[in-house]
Amino acid sequence: MEPRKVIGSIDTSEFLVAVAASLGFLFSLGSQGLDWAWVAAFLLGGLIAAPIAAWLVRLVPPRVLGSAVGGVDEPLATRR
């Protein structure tokens, strides 16, 4: 499967999981202590980054993309 299709599929599923988790937290914890400025900042950042990432994935060769993702993901996953 092409990397851009894999990334698109994963992106869609992550979005659905994030929405479900956010709704669960909002309903169970309430929104009294929620700083809506941070929520707006994260939302705006995601809206700006998503089309740039989609464009970049089309340009970068699959091998380079896989190495870059692994190079960033592995240190973050093994960090204590």
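First residue of the sequence shown? That's 186 in this note's numbering, and the numbers climb one at a time after it.
Where is the CB? At the ideal position from N, CA and C, for every residue including glycine.
When the beta-carbon positions are compared, VAL242 and PRO188 come within less than 8 angstroms of each other.
It is roughly 16 angstroms from the alpha-carbon of SER252 to the alpha-carbon of ALA238. PHE200 and LEU261 have their alpha carbons spaced roughly 21 angstroms apart.
Rounded to whole angstroms, VAL254 and GLY215 show a C-alpha spacing of 35 angstroms.
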